[in-house]
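There are 2 protein chains.
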Amino acid sequence: MKKPKVIVCPSPLFLKTLPIKGSIVVVIDILRASTSMCVALGNGASEIVPLESIDECLSYREKGYLIAGERDGKMVEGFDMGNSPFSFMGEHIQNAKIAMTTTNGTKCIHASKKAYQVIIGAFVNMTQVVNYLTEQQRDVILLAAGWKDKMNLEDTAFGGAVAIELEKNGFIPTEDSTRIAMTLYDAMLKDKRYFIKNATQYEQIIGLNIVEDVKYCLRKDLHNVLPIYYKGKLIDALKCSVEKNF
Amino acid sequence: MKKPKVIVCPSPLFLKTLPIKGSIVVVIDILRASTSMCVALGNGASEIVPLESIDECLSYREKGYLIAGERDGKMVEGFDMGNSPFSFMGEHIQNAKIAMTTTNGTKCIHASKKAYQVIIGAFVNMTQVVNYLTEQQRDVILLAAGWKDKMNLEDTAFGGAVAIELEKNGFIPTEDSTRIAMTLYDAMLKDKRYFIKNATQYEQIIGLNIVEDVKYCLRKDLHNVLPIYYKGKLIDALKCSVEKNF
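Protein chains in written order, with our numbering: chain A, 1 to 246; chain B, 1001 to 1246.
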C-alpha cells in the first residue's frame, strides 16, 4: 500500500502550492484559536461555528449562541468571550453553541474548504490528532495559521511535532518546509526556553497579559477531543459519526 | 543609534508582508543561480543581465552577450550555458557580458526592485555579503528564492547563516521566520549529512547529475565578489563605485 504523505504548510500563503484536494488539513493556531476550540468542546460545548466577520458573529446571538472572538489579540467589544482558553471552561460552556471569529484561525478553516476534511489541532489535543490521522491513512497537510500570513514559531513547531509522530507511524514527510518544521520542534524540545527567548510576539504576549494563556496552550493532551469541520460547524469527531466528506 | 534589523524571508510569497522599501534585499538561490552569478563575476565577467523570459535572453545574443539559463534545472536549448557554476569558469568568461534567466533567482531580483539595493548572496561569497551589510548599517531582508514559491532547505539555511553573523555584528533578528532559519542552519552545522538526508529535491539532484554542482554551491568564500543590481545589470560592487539607489 502506498504510504500517505505529511506536509507542513508554514503559512496560508503556501496553500495554493499544495495538493489540498483529497488531503486532510489540520488547522493550527496554537495562540489561541485552535487551543480554545479544543477547550470548548472538551468542556461540553456542542458546536462551534467559525466565522470570518464580527457582524456575522453578532448575528448568531439571537439564535442562542455565545459570541466569542478577538481582533489583534483583544476581545471584541460586546462579545461574551475573547479568545482565552480559560473563558471556555465552566458551566456556561456545557451544551453551549458558540459562534467564534479570530484574526487567523477561522480564516484558515475557510481557506481549506476544498480539502477532504478539516480538523483542528493544538498541543492540548495532540495525541488525538496523531491517532486520528494515523487511522485515516490519507495525505495530511498541517496548516500553520501564523500571524497575518507570516510564519510563527508555535504553529510551525506544532506542525513539526505532529509530522515527527506521523513519520514514526509510516507517513512520508514531503516538502522541505516539513523538515524545517521538524527541526524547529526538535530544537524546542532540547531548549525549554527556546520559545520565550525567540518568539517575536513575546512582548505582545506580555502586553496583552496572557502569559498564563500561553503556558496553557503549550501543554500537551489536556483534552480528548478532535474538532472536525462539518456542515459549517466544528463538532467533536470522537463523539459523533461524521460522513467522510463535507 | 538605532540598530538595523535583519529578516529572513523564506519565500518570495512573503515579500508583500515585509518592509522592502529602504531595506537591502539579498537574493538567495544557492542551487544554482546566485552561486553561478558569483562565479561568473569572480571569473572576470563584466556584467550579468538577469532576465525573466527565454526570448528576452535570446535577444541579447546579437548584442554580443553569452546566453545562459535553465528551466526546471535543465539548460535551455540553444543557450551557451545552463546554470552550472562550472560553466562560468574559464577564458570565455573573462570580460564577458552574460544574459541569464533562471526558474527562481532572476524572478526574485525583479520582485525586489522597490528595495534600497538588491545584492546577490551565496555560500561562495558569504563573508563578502556579511561584511558589506555590516558596513551599510541598513535593514536587511534575506530573500530565499526557494523552488517555485515553496521554501527550500539551502536558501533558508543560508539566510539563517547570514542572520547569525549579522546578529553578532549588532543587527536585530526580526520575525519568527528569521529564528526558524537560524535554527535550521544551526542544525545543519551540527549534522553534516542533514542536507543529503532531508532535501526534498535530492532525488532530482541525482537525476540531473549535478551532485558536484551541489558540493560546490555549499562551499564557503570561494569568490571575493559582491554582485549588486544596478541599472538592470549585476556588477561587482567591490570593483565599481555604485550609487546608493538604482
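Glycine is no exception: its CB is placed at the ideal position from the N, C-alpha and C atoms.
Do residue j and residue i count as a contact pair if the criterion is CB distance below 8 Å?
{"i": "B:G1146", "j": "B:T1101", "result": "no"}
{"i": "B:I1020", "j": "B:I1141", "result": "yes"}
{"i": "A:S112", "j": "A:L133", "result": "no"}
{"i": "B:D1236", "j": "B:P1227", "result": "yes"}
{"i": "B:A1045", "j": "B:A1115", "result": "no"}
{"i": "A:V129", "j": "A:V162", "result": "yes"}
{"i": "B:T1035", "j": "B:P1085", "result": "yes"}
{"i": "B:T1183", "j": "A:T183", "result": "yes"}
{"i": "A:I109", "j": "A:A40", "result": "no"}
{"i": "A:P10", "j": "A:A181", "result": "yes"}
{"i": "B:E1175", "j": "A:K233", "result": "no"}
{"i": "A:C217", "j": "A:I7", "result": "no"}
{"i": "B:K1003", "j": "B:G1170", "result": "yes"}
{"i": "B:K1148", "j": "B:T1103", "result": "yes"}
{"i": "A:S23", "j": "A:D139", "result": "yes"}
{"i": "B:I1120", "j": "B:C1038", "result": "yes"}
{"i": "B:N1083", "j": "B:A1033", "result": "yes"}
{"i": "A:F88", "j": "A:N43", "result": "yes"}
Would you say residue i reaches chain B, if we count a Cβ-Cβ gap shorter than 8 Å as a contact?
{"i": "A:T127", "result": "no"}
{"i": "A:N245", "result": "Low local confidence applies: a pLDDT of 45 at A:N245 is under 50, so the model's placement there is unreliable, and no value is given."}
{"i": "A:M37", "result": "no"}
{"i": "A:F14", "result": "yes"}
{"i": "A:L153", "result": "yes"}
{"i": "A:A33", "result": "no"}
{"i": "A:T262", "result": "Residue 262 of chain A lies beyond the range of chain A shown here (1 to 246); nothing can be said about it."}
{"i": "A:P10", "result": "yes"}
According to DSSP, which residues form a beta bridge with residue i?
{"i": "B:Q1009", "result": "The question names Gln, but residue 1009 of chain B is Cys in the sequence shown. B:C1009 pairs with B:L1143."}
{"i": "B:G1069", "result": "B:T1101"}
{"i": "A:V247", "result": "Summary: the structure shown does not reach residue 247 of chain A, with chain A confined to residues 1 through 246, and so no result is reported for it."}
{"i": "A:Y229", "result": "A:L234"}
{"i": "B:P1050", "result": "B:M1100"}
{"i": "A:I180", "result": "In the DSSP output, where bridge partners are listed per residue, A:I180 has none listed."}
{"i": "A:Q117", "result": "A:I24"}
{"i": "A:P173", "result": "A:V6"}
With a threshold of 16 other CB atoms inside 10 Å of the CB of residue i, please say whether the residue is buried or exposed.
{"i": "B:N1125", "result": "buried"}
{"i": "B:N1245", "result": "Unreliable positioning characterises B:N1245 in this predicted model, as indicated by a pLDDT of 45, which lies under 50. The coordinate reading is nonetheless provided below. By the neighbour-count rule (16 or more Cβ atoms within 10 Å), B:N1245 is not buried but exposed."}
{"i": "B:E1047", "result": "buried"}
{"i": "A:Q117", "result": "buried"}
{"i": "B:G1073", "result": "buried"}
{"i": "B:N1209", "result": "exposed"}
{"i": "B:K1179", "result": "The sequence as given places Arg at residue 1179 of chain B; Lys does not occur at that position. Classification of B:R1179: buried, given that the 10 Å Cβ count is 16 or more."}
{"i": "B:V1026", "result": "buried"}
{"i": "A:R219", "result": "exposed"}
{"i": "A:D211", "result": "Here residue 211 of chain A is Val; the residue named in the question, Asp, does not match the sequence. By the neighbour-count rule (16 or more Cβ atoms within 10 Å), A:V211 is not buried but exposed."}
{"i": "A:R193", "result": "exposed"}
{"i": "A:G159", "result": "buried"}
{"i": "B:K1107", "result": "buried"}
{"i": "B:I1093", "result": "buried"}
{"i": "A:G64", "result": "exposed"}
{"i": "B:L1189", "result": "exposed"}
{"i": "B:I1206", "result": "exposed"}
Indicate whether at least one CB of chain A lies closer than 8 Å to the CB of residue i.
{"i": "B:Y1116", "result": "no"}
{"i": "B:E1175", "result": "yes"}
{"i": "B:F1123", "result": "no"}
With a threshold of 7 Å (Cβ to nearest heavy atom), would residue i be considered close to the ligand ATP?
{"i": "B:D1029", "result": "In terms of ligand content, the structure shown is empty, and the ligand ATP therefore cannot be addressed."}
Review point. Quick one, which residues of the stretch 1178-1192 of chain B are near chain A if we go by CB-CB under 9 Å, in chain order?
Key: Among the residues of the stretch 1178-1192 of chain B, those with a Cβ less than 9 Å away from any Cβ of chain A are T1178, R1179, I1180, A1181, M1182, T1183, L1184, D1186, A1187 and M1188, in the order of the chain.
Review point. Can you list, in chain order, the residues of the stretch 85-112 of chain A whose Cβ is nearer than 8 Å to any Cβ on chain B?
Key: none
Exercise for review: May I ask you to list, following chain order, the residues of the stretch 155-169 of chain A that have a beta carbon less than 7 Å from some beta carbon of chain B?
Suggested key: T156
**Study point:** Contacting positions in the stretch 137-151 of chain A - beta carbon closer than 9 Å to chain B
**Key:** G146, W147, K148, D149, K150 and M151
Practice item. Using a Cβ-Cβ cut-off of less than 7 Å, list which residues of the stretch 1192-1211 of chain B approach chain A; keep chain order. Key: So the list reads N1198, A1199 and T1200, given in the order they occur along the chain.
Practice item. Can you give me, in chain order, the residues of the stretch 1222-1234 of chain B that have a beta carbon less than 8 Å from any beta carbon in chain A? Key: none
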